[in-house]
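Before any comments, here is the structure.
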Amino acid sequence: MRMMISFAALFLSVALLQLSSGGVGPLDALTGLSAGFSTAEVGFLGSAHFFGFFIGCWWAPRLMGSVGHSRAYATFTAMGAIGLAAHVVIADPWFWALFRIGSGICIAGCYTVIEAWLQAKVTNETRGRAMGSYRIADMGASFVAQFMIGALANLETYIAYNILTILCCASLLPLALTRIPQPETPKATRLRPALAWACSPLGVAAVLVAALSSASFRMVGPIYGQAVGLGADQIGYFLAAFVAGGALAQYPVGWLADKYDRRWVMIGLSVAAVFACVFTVSTSGNGTTMVLLAAGFFGLTTFPIYSVATAHAHDFATSDQRVELSAALMFFFAVGAIAAPYTTSALIAAFGPAALFYFISAGHIALILFGLSRMRVRRAPEDRTRYIYAPRTSFLIGRLLGRSRDR
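Under our numbering, the first residue of the sequence shown carries the number 2, and numbering increases by one thereafter.
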């Protein structure tokens with residue numbers, strides 16, 4: 002209990018950080034459209050965020066090694082706060098993209114510091130409880146952040162961004178005031194994307210499709226929601242339904258992934274995701290309730306694919322490869338997430354809002370076909386790792402989850 006209480010400051014920082022970052026993407030979309038940004042320019046903001054996220058994942062361990070955990074966290078928080086506050090200075094998509102790179106660096110950097118701190122303090126006895134609490138703080142705050150969107154969108158622009166800036170700055174306080182000794186700085190994880198492909202080409206493909214689904218929906222979903230008639234407050238519910246569906250799917254999908262061939266589970270999820278895309282498009286004119294149900298169904302089918310893909314890839318890795326493999330899979334997720342928002346927003350501009358889900362369904366159909374072809378190449382391993390929910394937070398997450406995968 003004492004150990005868990007000592008982690009409370011870290012979890013509170015995570016929650017405040019998520020409340021800030023979870024609202025900026027939808028707020029940018031709604032504010033940008035009202036300011037005259039094109040659909041493709043709004044999507045480009047989402048891509049800029051994930052570009053910054055990738056930079057932050059790579060840079061954060063190196064900065065920690067130079068200045069320590071607390072100063073690194075303060076640096077990243079300052080970058081995020083500057084990026085948020087600067088939105089009200091100039092309404093230009095290119096400048097906003099630069100600001101979103103800063104916020105992306107902030108998110109990745111702060112999560113890297115927190116996860117390095119957790120890694121240094123957990124033991125085999127406390128790892129499960131610590132990670133469970135970490136996931137609850139992360140996903141719970143992400144869920145709550147979606148409900149803030151409607152309230153923020155109805156405020157003056159400078160007030161809305163100031164609130165997010167305040168939350169970002171507030172995330173620094175628990176970590177700055179904690180009495181937990183600063184741990185030793187971990188070595189930066191070596192980035193070897195080829196390792197992921199060598200272990201599991203299907204895992205890499207599934208991670209890319211998971212990025213396509215998640216990044217497109219989170220960053221471009223508000224554009225779709227507005228196009229099908231949702232108000233600002235309803236767009237918040239729309240995104241919250243997606244997060245809730247993903248959270249509800251974790252336990253049953255995890256049970257299936259541990260009991261059956263994970264390739265069939267991924268293929269089954271992608272088949273369901275295609276139906277979810279069709280259902281979402283076909284019910285877009287049937288009222289708000291159906292649109293929200295469709296978003297929940299979409300989250301239920303697409304959100305767990307990343308965790309199943311990482312579990313499948315780790316089935317083919319040795320214990321000493323787990324940290325680098327997790328980082329390599331995060332690299333491919335970042336690549337897919339950088340490309341997805343701009344691509345899908347450009348398709349919406351050219352072919353209408355339904356193009357978002359047509360493109361996502363095409364990605365899942367490709368994953369189904371690739372999965373079936375890979376099943377003919379090699380058999381599923383007899384000894385498998387445990388399925389665990391894998392957050393897409395930093396290149397260091399593999400250090401926290403590595404031992405948890407071994408049975």
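Idealized CB from N, CA, C, for every residue including glycine.
From a predicted model like this one, the values you see are computed outputs, not experimental measurements.
Own chain partners of residue i with C-beta closer than 7 Å, once the 5 adjacent residues on each side are dropped
i, result
"V275", "S362, H365 and I366"
"V229", "S285, V292 and P354"
"V272", "I369"
"A197", "G204, V205, A314, L326, A329, L330 and F333"
"Y162", "L85, A86, H88 and V89"
"A318", "C200 and L326"
"F298", "G246, A277 and F280"
"P223", "P27, A30, L31 and I236"
Beta-carbon contacts of residue i that lie in its chain and below 8 Å, excluding the five residues immediately before and after
i, result
"A356", "T345, L348 and I349"
"R191", "E325 and A328"
"A241", "F144, Q147 and F148"
"V68", "T76"
"I56", "I102, G105, I106 and A109"
Residue j beta carbon less than 8 Å from that of residue i
i, j, result
"F304", "G226", "no"
"C103", "G81", "Here residue 103 turns out to be Gly, not Cys, going by the sequence shown. Taking 8 Å as the Cβ cut-off, G103 and G81 qualify as a contacting pair."
"A440", "G24", "Residue 440 is absent from the structure shown; the chain starts at 2 and stops at 408."
"F334", "R393", "yes"
"M140", "A248", "yes"
"V292", "F239", "yes"
"A109", "F54", "yes"
"A314", "S201", "yes"
"I306", "A211", "yes"
"F77", "I106", "yes"
"L401", "L11", "no"
"L20", "R101", "no"
"F358", "A296", "no"
"V89", "T40", "no"
"S374", "S172", "no"
"R136", "Y390", "yes"
"D316", "R385", "yes"
"C58", "M267", "no"
"H70", "A117", "yes"
"A216", "P27", "no"
"T113", "P175", "no"
"A250", "L301", "yes"
"G1", "R323", "The structure shown has nothing for residue 1, since the chain only spans 2 to 408."
"G44", "L213", "no"
"A121", "E185", "yes"
"F8", "S134", "yes"
Collapsed DSSP secondary structure at residue i in the structure displayed
i, result
"Y390", "coil"
"R193", "coil"
"P62", "helix"
"S42", "Per the sequence shown, residue 42 should be read as Glu rather than Ser. If DSSP states are grouped into helix, strand and coil, E42 belongs with the helices."
"A121", "helix"
"R263", "helix"
"R282", "It should be pointed out that residue 282 corresponds to Val in this sequence rather than to Arg. In this structure, V282 counts as helix in the three-state DSSP scheme."
"D234", "helix"
"F144", "helix"
"D353", "The sequence shown places Gly at residue 353, not Asp. Correct three-state label for G353: coil."
"A318", "coil"
"E383", "coil"
"V15", "helix"
"Q179", "Residue identity check: residue 179 is Thr in the sequence provided, not Gln. Reduced to three states, the DSSP call for T179 is coil."
"L156", "coil"
"P253", "helix"
"I91", "coil"
Cutoff 6 Å; reference residue i; Cβ partners in own chain excluding five residues on either side
i, result
"L64", "A73"
"R193", "E325 and A329"
"V254", "P305"
"L18", "C111 and S172"
"E42", "P94"
"V309", "A258, R263, V266 and M267"
"S22", "I108"
"S48", "I339, P342 and Y343"
"C412", "Outside the displayed span of the chain (2 to 408) sits residue 412, for which this structure offers no information."
"F396", "C58, T190, A328 and M331"
"A381", "D262"
Cβ of residue i within 8 Å of any chain B Cβ
i, result
"T113", "Within the model displayed, chain B is absent; a lone protein chain is all it includes."
Does the contact criterion of 3 or more C-beta pairs under 8 Å hold for the region 32-47 versus the region 96-107?
Contact holds: three or more Cβ-Cβ distances are below 8 Å.
Quick check: the region 74-91 against the region 165-181, are there 3 or more CB pairs under 8 Å?
Contact between the region 74-91 and the region 165-181 is present, because at least three Cβ pairs lie under 8 Å.
For the region 224-243 against the region 146-155, do three or more pairs of beta-carbon atoms, one drawn from each stretch, fall closer than 8 Å, so that the two count as touching?
Yes, the region 224-243 is in contact with the region 146-155.
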